[in-house]
Amino acid sequence: MKNNSQLMMPREKMLKFGISALTDVELLALFLRTGTRGKDVLTLAKEMLENFGSLYGLLTSEYEQFSGVHGIGVAKFAQLKGIAELARRYYNVRMREESPLLSPEMTREFLQSQLTGEEREIFMVIFLDSQHRVITHSRLFSGTLNHVEVHPREIIREAIKINASALILAHNHPSGCAEPSKADKLITERIIKSCQFMDLRVLDHIVIGRGEYVFFCRTRLDLTRYARSFGIFVCSGLEHIA
């Protein structure tokens with residue numbers, strides 16, 4: 001009964017002030033629902049966040065890391081993995097049912113939900129129609145910890161197959177640093193040049209790190225109204241690559 005009464009505090013706070021009013025500890029407690037023997041759910045949530053450093057660290061951890069925390073077993077691990085997967089699927093559905101590319105922020109949130117926490121470099125492409133509405137998105141290439149082999153012809157083949165008119169490129173850096181490498185810049189240039197021959201527009205290339213991100217807004221190219229609308233962003237201290 002103690003655990004249930006403790007849980008009512010964040011629940012009542014949510015009902016009165018909205019879900020965004022909850023702290024990370026309270027939000028985690030809301031999902032966990034119960035504590036462990038001798039430890040209420042709020043205390044458990046607080047200790048878990050302290051142990052893993054942040055929600056990101058908690059939700060991207062593996063079971064081996066959980067097994068070393070007293071009182072946390074398979075059930076709690078499964079709950080947390082379920083939360084992370086639910087968030088990822090939510091953004092997938094949102095991408096299909098809404099028009100998130102009206103906003104750079106919503107585009108970034110979607111890409112972070114798909115690429116954050118991956119242990120290998122993944123190269124994604126979002127395919128759009130002539131009105132810049134999402135047709136589909138695809139993980140076209142998968143690599144190693146610090147490299148992914150990207151073939152422009154495969155991107156173009158997929159775009160033609162689904163009658164896409166524009167693309168948004170994205171990939172992750174498992175190291176956590178989102179600053180683009182020389183290789184990132186070169187492959188972006190190659191893709192843009194290859195797509196120009198097929199009348200395909202590359203609107204942007206977004207690099208996802210750990211808690212940071214960089215937009216490749218190449219202002220010297222015609223990146224359409226969508227790309228120009230980004231202006232100059234500062235993302236976790238990193239500016240656009242000019």
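Mapping the sequence shown onto UniProt numbering, position 219 (from 1) lands on 219, and the numbers just tick up by one. Beta carbons are placed, not taken as given, at the ideal position from N, Cα and C, and that holds for glycine.
Residues sharing a beta bridge with residue i, DSSP
i	result
R139	M124
I206	A170 and F215
V134	L128
R157	In DSSP, R157 forms no bridge with anything.
T34	Partner(s): none; T34 has no beta bridge.
R201	A166
Residue i: first and last residue of the uninterrupted alpha helix (DSSP H) it sits in
i	result
K46	V41 to F52
A183	K182 to F197
G57	L55 to L59
T107	P104 to L115
E64	Y63 to F66
Assumed close pair residue i, residue j - CB separation to whole angstroms, cut-off 8 Å
i	j	result
R139	I122	5 Å
I208	L58	At roughly 19 Å, the Cβ-Cβ gap does not stay under 8 Å, so I208 and L58 are not in contact.
P174	E118	6 Å
G211	Y56	7 Å
K46	V25	5 Å
A166	V214	Not really, about 20 Å apart at Cβ, beyond 8 Å.
A164	L200	7 Å
Same chain, Cβ closer than 8 Å to residue i, five either side skipped, listed in chain order
i	result
A21	K13 and M14
T60	A84, T116 and G117
T43	G35
E154	L140 and F141
L49	D24, V25, L28, L55 and L58
S130	S165 and A166
Same chain, Cβ closer than 7 Å to residue i, neighbours up to 5 away in sequence not counted
i	result
R11	L30
R190	P152
L221	Here L221 scores only 34 on pLDDT, less than 50, and its place in the model is too uncertain to base an answer on.
L186	none
L80	L58 and L59
G143	R120, E121 and E149
S113	A87, R88 and Y91
Close beta carbons around residue i, own chain, < 6 Å, minus the five adjacent residues each side
i	result
I168	I126, L203 and D204
L111	A170, I206 and I208
F66	I72 and F77
F141	F123, V148 and V150
Proximity test, residue i beta-carbon vs the ligand FAD heavy atom, cut-off 6 Å
i	result
T188	Here there are no bound small molecules, and the ligand FAD is not part of this structure.
- Task: Could you tell me whether the region 12-20 touches the region 31-41, using the rule of 3 or more Cβ pairs below 8 Å?
- Result: no
- Query: At a cut of 8 Å, does the region 130-139 reach the region 80-91 through at least three beta carbon pairs?
  - Reply: Cβ pair count under 8 Å is below three, so no.
- Contact between the region 116-131 and the region 144-157: three or more CB pairs below 8 Å? yes
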